[in-house]
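In the UniProt record's numbering, the protein residues as written are 1 to 271.
For glycine and all other residues, C-beta sits at the position ideal for the given N, C-alpha and C.
Please read the structure below before turning to the comments.
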Amino acid sequence: MPTPSRRSPRPHHSSSHNLRYAQNRVERLAAQQARLNQVKVDPDFFKRVLNLAKTHNRPIYAGLATSGLVIAGTAMVVAAVGNASDPRRFFDDRSMWNEMLGDLKLSAWDVWISFFSLVSPYWVGHAAETVQRYLRFELIGMFDELGRVATEMSNTLTSLAWDVVEYDVKLVTLLVSAGTAFTALLPFSAIPAVKLTLGVAAVAFLSLLSSLMQEFIGKVKALDLKLEALGHKIFELRSLFSVGDDKLHLQPPGSDPGLWKPVTGEPRAAH
Numbered sequence: 001m002p003t004p005s006r007r008s009p010r011p012h013h014s015s016s017h018n019l020r021y022a023q024n025r026v027e028r029l030a031a032q033q034a035r036l037n038q039v040k041v042d043p044d045f046f047k048r049v050l051n052l053a054k055t056h057n058r059p060i061y062a063g064l065a066t067s068g069l070v071i072a073g074t075a076m077v078v079a080a081v082g083n084a085s086d087p088r089r090f091f092d093d094r095s096m097w098n099e100m101l102g103d104l105k106l107s108a109w110d111v112w113i114s115f116f117s118l119v120s121p122y123w124v125g126h127a128a129e130t131v132q133r134y135l136r137f138e139l140i141g142m143f144d145e146l147g148r149v150a151t152e153m154s155n156t157l158t159s160l161a162w163d164v165v166e167y168d169v170k171l172v173t174l175l176v177s178a179g180t181a182f183t184a185l186l187p188f189s190a191i192p193a194v195k196l197t198l199g200v201a202a203v204a205f206l207s208l209l210s211s212l213m214q215e216f217i218g219k220v221k222a223l224d225l226k227l228e229a230l231g232h233k234i235f236e237l238r239s240l241f242s243v244g245d246d247k248l249h250l251q252p253p254g255s256d257p258g259l260w261k262p263v264t265g266e267p268r269a270a271h
């Protein structure tokens, strides 16, 4: 394959390269700023959730025991607290996918500009046309599809993160309310009317707790199905855009000396 000549590059190609570099730099700075502007959760948020749950669980367990619901009630409280999660994990995963989305956009732009500015003007023949078709109709399409997947992943993880925040807040609110109520009623539990009130409060608390867990599980299940579908889509894209040993049907290297046009010639108009 002929090598490029020793001639200095033309000024307009240098300007094109500098312009592309400047555009990419602006895009990268914009992507970095977007990452900095993303929502961040207080790192101590989940720790406070667990501390509040632990503090108010004691009067709740005592109230459930007094009401005769200690076994079932305690199991439900433990399960509810066990479902609480640190939302920072999901926000961090969302940020990772946003970074990948930015990288995909920049990479697609870089490949396109690099090929049609620096390679295509000096390359003629069957191989050049084949690579151009592959670039136009497959590679850029792959970048677009991967960008859509990254966007959907980011949106799904954002929804999951906020669902976790909502569940944590609702759970703590419910535990604090129930713990406060049981704390006020327990000293008078020997009075029949108060004991009856404790029983009613315990049943109402467990009912609200059950509804909260069912709501959260339903949301997580729906989002999990979306994540699974996106996983299948990624595997489909891998098989669809995978380049095998001879997918481009190129001739063996060196078999056609006319594949390359030396840079000593005038460049063709970029496609």
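Per DSSP, residue 116 lies in no alpha helix (DSSP H) and is assigned neither H nor E. Rounded to the nearest whole angstrom, the CA to CA distance from residue 199 to residue 49 is 26 Å. Its Cα nearest to that of residue 240, the residue 142 stands out among 142, 126, 73. In the DSSP assignment, residue 191 falls outside any alpha helix (DSSP H), carrying neither H nor E. Straight-line measurement puts the Cα of residue 81 at about 11 Å from the Cα of residue 51. Contact between residue 227 and residue 174 fails: their C-beta atoms lie close to 28 Å from each other, not under 8 Å. Sequence-distant partners of residue 138 (beyond 5 residues in either direction) whose C-beta falls short of 8 Å from its own C-beta, in its chain, are 241.
Linking residue 89 to residue 121 through their CA atoms gives a straight-line distance of about 47 Å.
In the DSSP assignment, residue 147 falls within the alpha helix (DSSP H) that extends over 140-185.
If you draw a straight line from the Cα of residue 156 to the Cα of residue 77, it is about 28 Å long. The region 94-101 makes no contact with the region 218-233, as fewer than three CB pairs between them are under 8 Å. In this model, residue 177 and residue 150 are separated by some 40 Å (Cα to Cα). Only exposed fits residue 144, as fewer than 16 other CB atoms lie within 10 angstroms of its CB. Sorting 58, 159, 70, 71 by C-alpha distance to the C-alpha of residue 94 places 159 at the top. DSSP, read as helix, strand or coil, puts residue 207 in helix.
Out of 206, 234, 180, 216, the CA that lies nearest to the CA of residue 74 is found in 206. Taking the C-beta atoms as reference points, residue 163 is found nearer than 8 Å to residue 216.
Leaving aside the five residues that flank residue 146 on each side, the residues in its chain whose CB is nearer than 7 Å to its CB run, in chain order, 104, 237. Taking 8 Å as the upper bound for CB-CB distance, residue 161 and residue 87 are in contact here, some 5 Å apart. The beta carbons of residue 172 and residue 53 sit closer together than 8 Å. If you draw a straight line from the Cα of residue 45 to the Cα of residue 84, it is about 12 Å long. For residue 219, the closest of 230, 165, 56, 188 by C-alpha to C-alpha distance is 165.
Counting only runs of at least 3 residues, the region 30-104 fully encloses no beta strand (DSSP E) element at all. In this structure, residue 202 and residue 102 do not form a Cβ contact; the two beta carbons are roughly 52 Å apart against a cut-off of 8 Å. Residue 197 and residue 188 have their C-alpha atoms roughly 10 Å apart. With distances taken between CA atoms, residue 60 lies nearest to 184 out of 193, 232, 184.
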